[in-house]
Every structure is written in C-alpha cells, then in structure tokens.
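Report on the structure given below.
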C-alpha cells in the first residue's frame, strides 16, 4: 500500500521502514521494503526521513550543534517512537536546528568525537580491531579516518581499499563514507575501494545499503541494497545497478593471488589493485594472452618477471616507477 508523503500515516510508515532497515532484518523484510519503496510517493516519504536524519547528524558535528546539546532524562518510550518524535520535532523547527539527545539506540547524540587516522604502510596490509569490536583490513597504502561517536560508528575511506567486518550493535549504526558514496551496514562483511573517479562496494556477507551523497554529506538518490556476491559502482553523478562481484577481486586480503587462464590484461588489472607499483602492457596481441599460476601480491617485480618468462615478454622499468611488460616484437618509442 502506498501513501501520500504529506499524510501522517505515510510518514509513519516511512519512519518504520527507516528504523527497520537500520537494524537486523531478513530477506523477506528487505524484499517487502523494496516493493514498498518502488512507489514514487513512498520513495518521497522515505527520502524525507533520510534527509532529516542526515541533516541532524551533519549539524550535530558543527560547533552550533555541540552548543545546543540538551541532556534529557532516560525515556521509557520505544526506539521507533523516539525516531518518529525526533524527526517530527526537526521537521517543525526552521532549519532543523533544534537537536535533542535521548538515551536510546538511534539517538541524535551531540557528543564530540575525535578523528583518528588509520593508515597502512605502502609495503604491507594492516589489520585493526576497532573499539566496537569490528575488524578493519586496509590494503597497502590505504587510509581511513575514524569519526565514530556515541551516536554512530562512522569511518571515511580516504584512499585505497579496505574490508569492513562489522560487529553487530543495534545501538549505533555503522556508516562508511567514500567520495560521493555512503554505505550503511549491520553485522556485515564488505569491501570499499576508492578508484579513479568512482568507488566500488562489494558485499561478502549480510546486507548493505548504498547511497550517493552531496557536498554536505547528505544522502541523495534512492538506496540500493546489495546481496552477498554483488558489487556496485558509485560515481559523481549516479549509482549503478548491482552486478556480480569478481571473485578474484574479493580475494585481495590473501597473501597469494591465483589465476587460471585469465586474460593478461584482466590479471594485471586485478594485481594492480593491491600493488605498490603499477604494471602496464605494451605491444599488440599481449592483452589477451591467458595467464595461469599463483603469485605473491606484495611482489610486483617478481610477478612481472614470472609473467615475462611464462608468456615470453620483456620487462621494462620506466623512470616514472611503472613496470611495463612488452611483447618482444614491439618497438619501444
């Protein structure tokens, strides 16, 4: 059933879905939500709820938000009722500047958080156990900023690639921002990688919600929900539809990488995702040659030499630090 987003019943339904989808839910509930969301009126109502929540969290991190922090006594009302009450209050105040903190799971808590930068060395991956018990794996050279507070767990992937093994905590949502993308997860295992102009999100376990966000950090567009084994690309102006994830790409935390008759161009693309030195191809007919074998992810020189021997190529070290694999018949310019 759909509702007019201006109607009270429609707004309450949107709030109910907002609360449910940010807590534990099963596949049937997710499918029911997606069916409900397919109605334009419901999409508008849901987007209004999301925008109000995002705006409250955005203002909460400003000096004004901290100055307006109002402690309230513990409430006996349910989290859903408090979500609805907080969103209703914010909607009635011009500019949404009245922010109230409640002692409940989805509180709009205005507690100042200290930013913590987590950086992996260029030579090796790094594994970090976060304060909430979640496990963070950073690829070589990756950087993550932890902006978590009492209200939410929020991390920003600044560069590179990271895997998030999220500890279950219904009291605090787990959010990852990367460029124009926002990922919301619960008890989930997923990868996020910052690429040239996009980010890539791949899900290994659980369910994640993926959105595009604007310059202020507020969510835009309709949410996309990934299933295990799916990936999605978030660009500057659009979010692609989910597609099957590449199994080779999901194996990046492993020390070794294996290929079985994979086209050389694709094998190098996958290897470069975790390599401190990039490898390129030159010469006609090289890209499609099949590559098989197991290689160490942290040894680009060894990988290039092994590939050259296997496929009868030449290894060329360029001054810009890139390793080039050339066909023997290719003439260097």
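Numbering (this note's numbering), first residue to last: 112 to 444. C-beta: ideal position from N, C-alpha, C; glycine also. Since the model is a prediction, treat every value here as computed from it, not as a measurement.
For residue 266, the nearest candidate out of 251, 232, 303 (CA to CA): For the purposes of this step, residue 266 is taken as residue 155 along the chain shown, with counting starting at 1. Residue 303 is the option with its Cα nearest to residue 266.
Run of the alpha helix (DSSP H) containing residue 284, from where it starts to where it stops: As a working note, residue 284 is residue 173 in the chain shown. Run containing residue 284: none; DSSP gives neither H nor E here.
Coil, strand or helix - residue 410 by DSSP: Position 299 of the chain shown, counting from 1, holds the residue named residue 410. Collapsing the DSSP output to three states places residue 410 in coil.
CB-CB length for residue 231 against residue 253, believed under 8 angstroms: By one-based count along the chain shown, residue 231 stands at place 120. By one-based count along the chain shown, residue 253 stands at place 142. In this structure residue 231 touches residue 253 by the C-beta definition: roughly 5 angstroms separates them, less than 8 angstroms.
Residue 404 - partner residues in DSSP beta bridges: Position 293 of the chain shown, counted from the first residue, corresponds to residue 404. Note: residue 404 sits in a beta bridge opposite 370.
Assigned exposure category for residue 259 - 16 Cβ within 10 Å defines buried: Looking up residue 259 in the chain shown gives position 148. Taking all protein chains shown into account, residue 259 has 16 or more neighbouring C-beta atoms within 10 Å of its C-beta and is therefore buried.
CB of residue 235 within 8 angstroms of CB of residue 404, strictly: For the purposes of this step, residue 235 is taken as residue 124 along the chain shown, with counting starting at 1. For the purposes of this step, residue 404 is taken as residue 293 along the chain shown, with counting starting at 1. No.
Through-space distance from residue 153 to residue 126, alpha-carbon basis: Counting from one through the chain shown, the residue named residue 126 turns up at place 15. Counting from one through the chain shown, the residue named residue 153 turns up at place 42. In a straight line, the C-alpha of residue 126 is about 11 angstroms away from that of residue 153.
7 angstroms Cβ shell around residue 366 - same chain, five flanking residues per side excluded: For this step, residue 366 is matched to residue 255 along the chain shown. A distance below 7 angstroms between beta-carbons, with the five flanking residues on each side excluded, links residue 366 to the following residues of its chain, in chain order: 407, 408.
DSSP three-state assignment for residue 381, whether helix, strand or coil: If you number the chain shown from 1, residue 381 lands on position 270. Note: residue 381 maps to helix in three-state DSSP.
Residue 279 to residue 431 span [Cα, whole Å]: By 1-based counting over the chain shown, the position of residue 279 is 168. By 1-based counting over the chain shown, the position of residue 431 is 320. A direct Cα-to-Cα measurement between residue 279 and residue 431 gives close to 45 angstroms.
Run of the beta strand (DSSP E) containing residue 257, from where it starts to where it stops: Translated into positions along the chain shown, residue 257 becomes position 146. Per DSSP, the unbroken beta strand (DSSP E) holding residue 257 starts and ends at 254-257.
Start-to-end residues for the alpha helix (DSSP H) that takes in residue 361: Numbered from 1 along the chain shown, position 250 holds the residue referred to as residue 361. Note, residue 361: alpha helix (DSSP H), 358-361.
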